[in-house]
Amino acid sequence: MATTSLDENGNSLELDPDFGDRYREAFLLKVASLANEAAQIIKLLTLQSGEPGTTNADDRSHQNNQEVVYLAECSHDNKEAWDILKTDLNLNGYQTFPDQPLPLRDEEEFRSAVTGFLTRANLSIHLVGQTAGPIPDGLSQKPIVELQNEIAAQCSQSQDLKRLVWLPKNLHSDQERQRNFIRALQYSYNAQCGAEIVTGGLEDLKSATYRVLKKIHDSKMSSHEQAGPDEQEGNRMVYLVCVEDDKKNKSTLPLRQWLTEQGFEVRLPLFAGDAKSVRENNEELLATCDSLLIFYGAGDESWLQAVRNSHKKIKAFRGSRPLLATYTYIAQPTSIDKEDRIDVGEANLINGLNAFDPASMIPFLHDMTESTQSS
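Count the sequence shown with numbering that gives the first Met the number 0 and you get residues 0 to 374, in order.
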């Protein structure tokens, strides 16, 4: 028994298990993919038959608390990985978009179709390869891989959409435009907005995919649970962002003690461990905290700017759940930048340059109290 696929030149290729392990694996993948597509068609025909008790695909997804994944169209060199990931997601019960061919000829039609799929998704996954795929006819003249990343980045700022961008290990492109795009994904905020960059092999991407899907599912379950009276009155978590020196010299101690006395749980960043552990801890705190308090003490002006820039991605971790309060607390040592921010009356600024004063915390406490009562 054999089936067929297309090689890199678009020619028909026979997949016969007798040809060797590589062909056997490709054959099994193709069979699994076809079986899944057949199952989806059968379900669709059942729904269209109007049998009692049937619902549409989106309703089934919501009823089962199942997440929807937008698996972005990719260039030909990543097509095999794309097929493997799509089949794996489908076999594990996840609905994947696009579930119909995208209009690749016209840019406006392409943008509209991609946006429509993304508005129904919880997670978008972008496989970046050596080439960028076809270029739809339009003003921007951007390839489809770049266009989909751009649209998803915008959607992540306006809706509860998480993103994964896969840069395979040792990725290199002979195309100057693609090299610039890969570089932008690594260093540009606009290109990587709302995304977690995954490097390494396909298994690394699959691990990241199911980790993020689990986080999305757990967040949904958590938001559906009704908080008890005791939880509504206290135990709000304040994420106090500072540098390690602020913790070592105990400059945050008076503030932390006061917050604890008010019934808040105070959490600091993780300062020990590898880069991945530190990043994941920060993302977890951003996703679960009730308020964000940036302690501008030993950190310099560039540190503050970097923190604020990174927190622009907060929607990627929190979705539609807003923060109750976001403030910057200015502490010693003094600097021209700190004094300037105080002089111009920067919004949501707490002046603690002289010493900790509980009265300066009244606006913060008011925001937390008002938000708690309204919830």
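Ideal Cβ placement from N, Cα and C applies to all residues, glycine included.
N-terminal and C-terminal residue of the beta strand (DSSP E) that residue i is part of
| i | result |
| --- | --- |
| Leu-88 | Counting along the chain, Leu-88 falls outside any beta strand (DSSP E), though it belongs to the alpha helix (DSSP H) covering 78 to 90. |
| Phe-180 | No beta strand (DSSP E) holds Phe-180; the alpha helix (DSSP H) holding it covers 175 to 186. |
| Thr-95 | 94 to 96 |
| Leu-348 | 348 to 350 |
For residue i, the three-state DSSP class (helix, strand or coil)
| i | result |
| --- | --- |
| Lys-141 | coil |
| Lys-311 | helix |
| Leu-364 | helix |
| Ile-134 | coil |
| Ser-301 | helix |
| Val-277 | helix |
| Thr-259 | helix |
| Arg-210 | helix |
| Val-343 | coil |
| Leu-254 | helix |
| Leu-285 | helix |
| His-216 | helix |
| Arg-320 | coil |
| Asn-189 | helix |
| Pro-100 | coil |
| Pro-332 | coil |
| Asn-148 | helix |
| Ser-155 | helix |
| Lys-246 | helix |
| Ala-358 | helix |
| His-171 | coil |
Residues that residue i bridges to, as DSSP identifies them
| i | result |
| --- | --- |
| Asp-423 | Lying outside 0 to 374, the shown extent of the chain, residue 423 is not represented and no answer is given. |
| Ile-124 | Leu-70, Leu-163 |
| Val-265 | Val-237 |
| Ile-293 | Val-240, Thr-327 |
| Thr-198 | Leu-166 |
Pick from the options that is closest to residue i, judged by C-alpha positions
| i | options | result |
| --- | --- | --- |
| Gln-94 | Asn-353, Glu-66, Leu-170 | Glu-66 |
| Pro-102 | Val-265, Pro-133, Ile-83 | Pro-133 |
| Leu-212 | Gln-191, Asn-121, Pro-268, Gly-298 | Asn-121 |
| Asn-353 | Asp-366, Glu-338, Ile-361 | Glu-338 |
| Trp-165 | Ala-346, Asp-342, Ala-71, Ile-143 | Ala-71 |
| Asn-89 | Arg-104, Asp-76, Tyr-69, Pro-100 | Tyr-69 |
| Ser-218 | Arg-119, Ser-187, Thr-287 | Thr-287 |
| Ser-74 | Thr-118, Ile-335, Ser-172, Ile-329 | Ser-172 |
| Glu-175 | Ala-183, Asn-169, Ser-309 | Ala-183 |
| Gly-296 | Phe-263, His-365, Thr-251, Ile-335 | Thr-251 |
| Asp-136 | Arg-162, Ser-155, Glu-108, Thr-327 | Glu-108 |
| Lys-312 | Asp-299, Arg-278, Phe-294, Ser-301 | Arg-278 |
| Tyr-326 | Lys-275, Val-237, Ala-358, Lys-249 | Val-237 |
| Phe-355 | Gly-298, Leu-258, Gly-199 | Leu-258 |
| Asn-234 | Asp-289, Glu-264, Lys-246 | Glu-264 |
| Ala-194 | Leu-160, Ser-359, Pro-332, Leu-291 | Leu-160 |
| Gln-158 | Leu-117, Thr-130, His-125, Ala-346 | Leu-117 |
| Ser-309 | Tyr-188, Thr-208, Leu-201 | Tyr-188 |
| Glu-106 | Lys-141, Pro-97, Leu-126 | Lys-141 |
Opening and closing residue of the alpha helix (DSSP H) in which residue i lies
| i | result |
| --- | --- |
| Ala-112 | 106 to 117 |
beta-carbon residue i near the ligand ATP non-hydrogen atom, thresh 7 Å
| i | result |
| --- | --- |
| Ser-139 | No copy of the ligand ATP occurs in the structure displayed, which carries no ligand at all. |
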